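Trainee:
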Amino acid sequence: MFPILVNSVITLSKRIPSFTKASFSQLSTPIASSIIQSTFLKPVSLNVVPSCGFKIVGRVKRRCKDCFMVMREQRMYNLCKTHPRHKQMSMAKDPKNTWILTHATQSKVRPW
């Protein structure tokens, strides 16, 4: 069993002498106070700064006046410093669709 749950059960059993004799209103206040004092609601400091990820879209658009376009690694990016939720990235092209066909590969009759 988790140590947090064990501690909360112990504090509940000390505050409430009998579950059968107590009414619902008497049960609700000690339970609520024990939940508030438990470690579940204590704030935890984050070591990682939360940030929005990129939306991957077919065509990248500017969404506000502060958005700007950048081309990196054969992808178009839309970046925005005022609204990080505007970040977009174009889809990566399939390598098969980027082949350059020559005259030898386009002929109907093969030379061999």
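Numbering (UniProt numbering), first residue to last: 1 to 112.
Every residue, glycine too, gets a C-beta built ideally from N, C-alpha and C.
Keep in mind the model is a prediction, meaning the values are calculated, not measured.
Check this for me: beta carbons of R63 and H86, under 8 Å apart or not?
Mentor: In this structure, H86 lies closer than 8 Å to R63 by Cβ.
Trainee: For R75, which of M91, D66, N97 and P84 has the nearest alpha-carbon?
Mentor: Selected option, being the one with the closest Cα: M91.
Trainee: Which value, in whole angstroms, describes the spacing of the CA atoms of T82 and D66?
Mentor: Each residue's Cα considered, the two are about 7 Å apart.
Trainee: Let me know the secondary structure DSSP gives K55 once reduced to three states.
Mentor: If DSSP states are grouped into helix, strand and coil, K55 belongs with the strands.
Trainee: Mapping DSSP to helix, strand and coil, what is R75?
Mentor: Reduced to three states, the DSSP call for R75 is strand.
Trainee: Among the residues of its own chain, which have a CB less than 6 Å from the CB of W99, if the five just before and after it don't count?
Mentor: No residues qualify anywhere along the chain.
Trainee: Roughly how many whole angstroms lie between the Cα atoms of G53 and T102?
Mentor: Going from the Cα of G53 to the Cα of T102 covers about 40 Å.
Trainee: Looking at K61 and N78, is the spacing between their C-beta atoms short of 8 Å?
Mentor: Closer than 8 Å, so yes.
Trainee: With DSSP as the reference, label L12 as helix, strand or coil.
Mentor: Annotation note: pLDDT 49 at L12 (below 50); position unreliable, coordinate value reported separately. If DSSP states are grouped into helix, strand and coil, L12 belongs with the helices.
Trainee: Of the choices P84, N47, W112 and M89, whose alpha-carbon is the least far from that of residue 143?
Mentor: Here the chain covers residues 1 to 112 and nothing more, so residue 143 does not appear.
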